[in-house]
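So the sequence shown is residues 332 to 603, counted in this note's numbering.
Remarks on the structure that follows.
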Amino acid sequence: MESKGAMPATRLQEEYIEKERLHRKRVTASRFCLLVLLLAVWELCARLGIIDDFIFSSPSRVLLCFWRMVEDRSIFLHMGITLFETLVSFAIVVTAGIGAAVVLWSSRSASEILEPYLVMLNSLPKSALAPMLIVWLGNHVSTIVVAAVSVAVFGSILTLHNGFLGMDREKIKLIYALGGNRLDVLTKVLLPGSVPLIISNMKVNVGLCLVGVIIGEFLAAQKGLGYLIIYGSQVFQLDLVMMSIVILCLLSAALYQGIALLEKRVGKTVNV
Numbered sequence: 332m333e334s335k336g337a338m339p340a341t342r343l344q345e346e347y348i349e350k351e352r353l354h355r356k357r358v359t360a361s362r363f364c365l366l367v368l369l370l371a372v373w374e375l376c377a378r379l380g381i382i383d384d385f386i387f388s389s390p391s392r393v394l395l396c397f398w399r400m401v402e403d404r405s406i407f408l409h410m411g412i413t414l415f416e417t418l419v420s421f422a423i424v425v426t427a428g429i430g431a432a433v434v435l436w437s438s439r440s441a442s443e444i445l446e447p448y449l450v451m452l453n454s455l456p457k458s459a460l461a462p463m464l465i466v467w468l469g470n471h472v473s474t475i476v477v478a479a480v481s482v483a484v485f486g487s488i489l490t491l492h493n494g495f496l497g498m499d500r501e502k503i504k505l506i507y508a509l510g511g512n513r514l515d516v517l518t519k520v521l522l523p524g525s526v527p528l529i530i531s532n533m534k535v536n537v538g539l540c541l542v543g544v545i546i547g548e549f550l551a552a553q554k555g556l557g558y559l560i561i562y563g564s565q566v567f568q569l570d571l572v573m574m575s576i577v578i579l580c581l582l583s584a585a586l587y588q589g590i591a592l593l594e595k596r597v598g599k600t601v602n603v
C-alpha cells in the first residue's frame with residue numbers, strides 16, 4: 332500500500348521537470364550576464380586608458396567596424412565564403428571518415444597496416460602542410476578545403492574505427508547466428524549503433540574544419556574571415572581583426588549548436 336505521506340509519481344516528475352527548467356534558465360541568464368560583464372569591462376578599460384584601444388580595440392569600435400562593412404555588404408561576402416568552405420570540408424570529412432573507418436573495420440589487415448600512418452598523419456601539424464598545398468594545388472578555394480580536410484579527417488577515421496571495434500560482440504554474433512553476413516552486421520548493428528559516436532565526432536570535426544579553413548585562408552585567400560584577419564594585422568586595422576575573431580566565435584558556436592539540434596532530433600527518432 333502507498334503510504335499516506337507519499338507523493339504521487341506524476342507530482343514528483345512535474346517538480347523534477349520544473350527544477351530542471353529553472354536550472355536551465357539560471358544557466359542561460361548567467362551566461363548572458365557573464366558575456367555582458369566581460370564586454371562592459373573591456374569597453375570600460377579601453378575608455379579609461381587601462382588598455383590601448385588601438386591595439387586591443389573595444390566592443391564599440393568592433394561594432395562600428397562591423398556596421399561599416401554591413402553598409403557596403405562586404406562582410407556578408409567574407410562570412411559566406413568562410414562558411415561555404417567550412418561546410419564543404421565538413422561534409423568531406425564526415426563522408427571520408429565514415430567510409431574509411433568502415434573499410435578498416437571490414438579488413439583487419441588494412442587496419443593493422445594503415446593505423447600507424449594514420450596516427451602519424453593525425454599528429455602532424457597541419458600548418459606545416461599549408462605552404463606545400465599552395466605549391467601543389469595553387470591559390471584556389473580547393474587548396475583551403477584540402478587544408479581544412481587534412482586537419483580533421485585523420486582523427487575522425489581513428490575515432491570512428493576505434494568506436495566500431497568496441498561495438499557489442501553479442502549483437503554481431505546474433506546476426507551471424509540468424510544467417511546474416513558482414514553487410515547485415517554493418518547496416519543493422521554497426522552503423523545504427525554508432526550514430527551517437529558519429530554525431531559526437533561531428534561536433535568535434537565542425538570546429539576543426541573551421542580552424543583548417545582559417546589556416547588555409549591565412550595563406551591562400553583573397554576573401555574570407557581568415558583573409559580579413561591577415562589583412563587587418565598587416566595594415567594595423569586591429570578593429571577589423573577583432574571583429575573577424577568575434578564573428579568566428581559566433582560562427583563556431585552556431586555550427587556546434589546546429590549539430591546539437593541534429594543530435595536531439597536523431598535521439599527523438601531513435602526513442603520513437
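Cβ coordinates follow ideal geometry from the N, Cα and C atoms, glycine included.
Around the beta carbon of residue 412, a 10 Å sphere encloses 16 or more other beta carbons of the protein chains shown; the residue is thus reported as buried. Here residue 566 carries a coil assignment [DSSP, helix/strand/coil]. Taking each of 562, 542, 495 in turn and checking the Cα distance to residue 520, the smallest one comes out for 495. Residue 583 sits away from residue 572, with the two beta carbons spaced by 9 Å or more. A check of alpha carbon separations from residue 375 across 443, 364, 348, 389 identifies 389 as the nearest. Inter-residue distance for residue 373 and residue 384 is about 9 Å (C-alpha atoms, whole angstroms).
A distance below 7 Å between beta-carbons, with the five flanking residues on each side excluded, links residue 470 to the following residues of its chain, in chain order: 551. For residue 387, same chain residues with a beta-carbon under 7 Å away, outside a window of 5 residues either side, are 377 in chain order.
The C-alpha of residue 511 is placed about 42 Å away from the C-alpha of residue 457. In the DSSP assignment, residue 492 falls within the unbroken alpha helix (DSSP H) covering 472 to 496. The beta carbon of residue 530 is closer than 8 Å to those of 590, 593, 594, 597 in its chain, skipping five residues each way along the sequence. Counting every other CB atom within 10 Å of its CB across the protein chains shown gives residue 410 a total of 16 or more, marking it as buried. CA-CA distance, residue 497 to residue 528, rounds to 11 Å.
Here residue 451 is exposed. Its C-beta has fewer than 16 other C-beta atoms within 10 Å. Where residue 431 is concerned, the enclosing alpha helix (DSSP H) starts and stops at 405 to 437.
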